[in-house]
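Under UniProt numbering, read the sequence shown as residues 1 to 93, first letter to last. Below is one structure, written out as structure tokens; comments come after it.
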Amino acid sequence: MSKKIAVICGTGAATSTIIMNKLTKFLEEKQIKARTTQSNVNAIANSYEDYDLIVSTTHVPNSVTTKVINAVPILTGIGADKVYDEIEKELNS
């Protein structure tokens with residue numbers, strides 16, 4: 001079964017596009033079936049229950065109970081491997 005991932009940033013535009021492209025490549029390399037959706041934090045605050053995982057470069061409200069992973073290391077490249085490992089672990093659980 002395919003997992004659903006929301007990739008979000010403050011506006012749902014440039015930063016989340018970069019993260020989503022890198023994440024999609026990672027998922028393909030690991031042969032992990034997942035559907036990614038690009039969005040912004042305000043939109044996700046109302047539909048977070050629809051996702052198995054949120055990968056974010058911005059603050060997500062505490063009211064969101066879906067697992068959130070900080071994606072800034074993917075953007076900077078510093079610590080990205082650790083974040084990818086966390087994503088893989090979460091999607092395989």
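All C-beta atoms in this analysis are idealised placements derived from N, C-alpha and C, irrespective of residue type, glycine included.
Between the beta-carbon of residue i and the beta-carbon of residue j, is there less than 8 Å?
i: Thr-37; j: Ala-6; result: yes
i: Ile-69; j: Ile-44; result: no
i: Ile-32; j: Ile-74; result: no
i: Ala-71; j: Val-55; result: yes
Nearest by alpha-carbon distance to residue i: which of the options is it?
i: Thr-65; options: Thr-76, Gly-79, His-59, Tyr-48; result: Tyr-48
i: Glu-88; options: Pro-61, Leu-23, Gly-79, Val-60; result: Leu-23
i: Ser-2; options: Ala-13, Ala-34, Lys-25, Asp-81; result: Ala-34
Looking only at its own chain, which residues have a Cβ that is under 6 Å from the Cβ of residue i, when we skip the five neighbours before and after it?
i: Tyr-51; result: Lys-4, Ala-6, Thr-66
My assumption, with CB atoms under 8 Å, is that residue i sits in contact with residue j. Please give the rounded CB distance.
i: Gly-10; j: Asn-46; result: Going by Cβ atoms, the distance from Gly-10 to Asn-46 rounds to 16 Å, so no, they are not a contact pair.
i: Leu-53; j: Leu-91; result: 7 Å
What does the Cβ neighbour count give for residue i, buried or exposed, with the cut at 16 atoms within 10 Å?
i: Gly-77; result: exposed
i: Thr-15; result: buried
i: residue 101; result: With the chain running from 1 to 93 in the structure shown, residue 101 is simply not present.
Whose C-beta lies closer than 7 Å to the C-beta of residue i among residues of the same chain, with five residues either side of it excluded?
i: Lys-30; result: Glu-88
Please list, in chain order, all residues of the same chain as residue i whose beta carbon is under 8 Å from its beta carbon, the five residues on each side excluded.
i: Lys-82; result: Pro-73
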